[in-house]
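The opening residue of the sequence shown carries number 4 in this note's numbering; numbering runs sequentially from there. All C-beta atoms, glycine included, are put in the ideal place defined by N, C-alpha and C.
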Amino acid sequence: MLPSSSLTRSQFEQACKAFISKYHGQVSTDLLSKRLTGWTWVEHSTFPGLGFMSRTRFVSRDEQHSALGESADDGEDYSSLSMEHDDAALPHSTHEALVITQSVVFSATFRVPAFYFTIHDAKGSPLPLDEILQTPMIIRGALPETNTSFSVSVADSPFPLLSQGDHPTLGTPSWFIHPCETPSAMAELSAELKGSAMAEDAVWSEDEWLIRWMEIWFMVLGNVVRLDS
4 MLPSSSLTRS QFEQACKAFI SKYHGQVSTD LLSKRLTGWT WVEHSTFPGL
54 GFMSRTRFVS RDEQHSALGE SADDGEDYSS LSMEHDDAAL PHSTHEALVI
104 TQSVVFSATF RVPAFYFTIH DAKGSPLPLD EILQTPMIIR GALPETNTSF
154 SVSVADSPFP LLSQGDHPTL GTPSWFIHPC ETPSAMAELS AELKGSAMAE
204 DAVWSEDEWL IRWMEIWFMV LGNVVRLDS
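Rendered as structure tokens:
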């Protein structure tokens with residue numbers, strides 16, 4: 004049956020792999036499918052059960068309102084956690100290209116997927132927070148203005164919306180959207196999906212339920228992060 008507010012780690016891995024399988028090789032023809040394609044599963048090189056979804060996008064620093072570029076590694080099967088970017092693979096443009104690495108990892112604390120990312124310029128230098136907020140990946144107005152260089156917070160919230168932390172699997176510095184509000188949002192939306200499925204007498208396999216759960220999660224993430232390309 005479709006999970007409600009959270010997943011186990013094994014459900015997360017099953018959901019991610021089923022999700023990737025569904026969208027692998029699909030031609031992106033609309034905004035919804037474009038934000039769901041290009042993901043691959045990356046296993047930890049030493050410890051099983053710590054895998055995550057990953058993809059890379061390119062965007063021009065000067066095209067502040069453009070959509071994200073196509074992934075340079077769509078369709079590739081990553082066999083290690085090391086990802087190197089060849090300058091020759093960057094899009095040919097007179098504008099400076101930014102490299103955006105996106106990850107969907109399992110939050111052991113909140114038992115939901117969490118979105119981690121890094122943004123580097125063409126020389127490999129990470130962008131500061133104020134410049135990250137100006138990239139087209141962050142939806143304008145979705146995050147409040149900030150005077151700090153390490154997080155974006157909302158008044159009266161115990162956790163920042165956007166913060167820095169080590170990638171749970173890679174251990175490298177990353178930015179992440181805090182998943183503290185995700186369980187409540189997923190509980191409400193998955194309950195609506197269950198109700199619709201029951202009303203239509205839909206019969207879905209476990210993988211189909213998990214795929215739909217992930218699609219709902221991406222919809223929630225899409226309120227803050229622009230994932231279409």
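- Taking 9 Å as the cut-off, the Cβ atoms of residue 14 and residue 213 count as close.
- The residue from 110, 141, 210, 123 with its alpha-carbon nearest to that of residue 53 is 110.
- A contact is defined here as three or more CB-CB pairs under 8 Å, and the segment 37-51 meets this definition with respect to the segment 17-29.
- Counting other Cβ atoms within 10 Å of its Cβ, residue 103 reaches 16 or more and is therefore classed as buried.
- Taken in chain order, the unbroken stretches of alpha helix (DSSP H) that lie wholly in the segment 165-205 and span 4 residues or more are 185-202.
- Closest in C-alpha terms to residue 127, from the list 19, 99, 198, comes 99.
- In this structure, residue 229 places its C-beta atom within 9 Å of the C-beta atom of residue 139.
- Contact annotation: residue 182 and residue 115 have beta-carbon atoms nearer than 9 Å.
- Between residue 119 and residue 177, the beta carbon gap of about 4 Å places them in contact (Cβ cut-off 8 Å).
- By the Cβ neighbour-count rule, residue 153 is exposed, with fewer than 16 other Cβ atoms within 10 Å of its own.
- Check the Cα spacing between residue 16 and each of 221, 200, 226, 217: the tightest is with 217.
- Residue pairing for residue 9: DSSP places it in no beta bridge.
- Annotation for residue 58: 41, 42, 74, 105 place their beta carbon closer than 6 Å to its own, counting only its chain and skipping 5 residues before and after.
- Linking residue 143 to residue 10 through their CA atoms gives a straight-line distance of about 30 Å.
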